[in-house]
Structure formats: C-alpha cells, structure tokens
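K.L.:
Structure in structure tokens, see below.
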Amino acid sequence: MQRKYLGLIAGLACLGSVSAFAAAAEQKTVEALFAEKAKLSGHEVQVKGKVVKVNNGVMNRNFLHIQDGTGKQGSNDVTVTSEETANIGDEVIITGTIAVDKDFGAGYTYPLLIEKAKIAKAK
Numbered sequence: 132m133q134r135k136y137l138g139l140i141a142g143l144a145c146l147g148s149v150s151a152f153a154a155a156a157e158q159k160t161v162e163a164l165f166a167e168k169a170k171l172s173g174h175e176v177q178v179k180g181k182v183v184k185v186n187n188g189v190m191n192r193n194f195l196h197i198q199d200g201t202g203k204q205g206s207n208d209v210t211v212t213s214e215e216t217a218n219i220g221d222e223v224i225i226t227g228t229i230a231v232d233k234d235f236g237a238g239y240t241y242p243l244l245i246e247k248a249k250i251a252k253a254k
C-alpha cells in the first residue's frame, strides 16, 4: 500500500516541476521579442496574443502567427512552430524557445521564431 502512495507523491512532484518549469519562461511582448532577440536566442519565452494566421502540417509542424498589439510593421507579428495548433482569432499563451535567423531553405527564413511551442488558451 505504501508503494501506491509513493508513486502518487512522485507523480504530483513531477507535476509541480512542470508547472515550475513553465513559470520559469520569460514573459515578453511581441515587440520585446524583436528588440531583445539576440539576447533571447536559445531561451524559453512566453508570449500572450491573438492567432492571426495558421498553416498546419508544413514540414511536420504547424506554423502560427501571433500578435499582441505591440510593435510596428516588421516587429508586431511573431511566427511560432508547434506540434499543437489553434484557430485564427484564438487568444493564446505560447511557451517555446527563441530561434534567430532560422533558415528552412527554399527562401523560407525567419529573423525570429518561437520553436517547439506549447499552446494554451488564454483566460
């Protein structure tokens, strides 16, 4: 019986670690991501915004564009890649790793990209 509870406690401890890990992501605006992209490269970030474009199933991932009302033309829309997806118009919280000057070839280059993102509905 004790082993049963030990497994439950270990599982709950893991859940706490995941929550702490997600909380460790730096929260940024879209404008701040572009302004600080060199410093943020390779770091996990979190951004809240509205999905304005979705392309699913491209190169085994989904591409989403997120805007939060900050930034000017060229720094107001961040591209996100994820195994998850959302719908245009959804308010979401994106948590993923910043990649700078990402080149997928065939003319597809991104000065800033949030990769391997987790997508949560904003409340």
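Heads up: the sequence shown begins at 132 in the working numbering, then just goes up one per residue.
From the three backbone atoms N, C-alpha and C, an ideal C-beta is built for every residue, glycine too.
In this text, all values refer to a predicted model and were calculated from it rather than measured experimentally.
1. Does DSSP put Phe235 in a helix, in a strand, or in coil?
2. What does the alpha-carbon distance come out to for the pair Thr210 and Glu157?
3. Kindly indicate which residue of Ser206, Asn218, Glu215 and Ile245 has the alpha-carbon position closest to the one of Glu162.
4. Measure the Cβ-Cβ separation of Lys184 and Ile219 and say whether it is below 8 Å.
5. Would you kindly work out how many angstroms separate the C-alpha atoms of Thr216 and Ala155, rounded to a whole number?
6. Which class does Ala156 belong to by DSSP, given the choice of helix, strand or coil?
7. Can you give me the Cβ contacts of Gln177 inside the same chain, cut-off strictly under 8 Å, excluding the 5 residues immediately before and after it?
8. Quick one: what's Val161 bridged to in DSSP?
9. Look at the alpha carbon of Glu222 and the alpha carbon of Gly236, and state the distance between them as a whole number of angstroms.
10. Buried or exposed: where does Thr212 fall if 16 or more other Cβ atoms within 10 Å of its Cβ makes it buried?
11. How long is the line joining the alpha carbons of Phe194 and Tyr241, rounded to whole angstroms?
12. Could you check where the beta strand (DSSP E) with Ala169 kicks off and where it finishes?
P.N.:
So, from the listed chains and residues:
1. Three-state DSSP puts Phe235 in coil, outside helix and strand.
2. About 17 Å.
3. Restricting attention to Ser206, Asn218, Glu215 and Ile245, the CA atom closest to the CA of Glu162 is found in Ser206.
4. Yes, these two residues count as a Cβ contact at 8 Å.
5. 23 Å
6. coil
7. Excluding residues within five positions, the ones whose Cβ falls inside 8 Å are Ala153, Ala156, Glu157, Gln158, Lys159, Ile224, Ile225 and Thr226.
8. Answer by DSSP bridge pairing: none, since Val161 is not bridged.
9. The straight-line gap from Cα to Cα measures roughly 30 Å.
10. buried
11. 12 Å
12. No beta strand (DSSP E) contains Ala169, which is instead part of the alpha helix (DSSP H) from Lys168 to Leu171.
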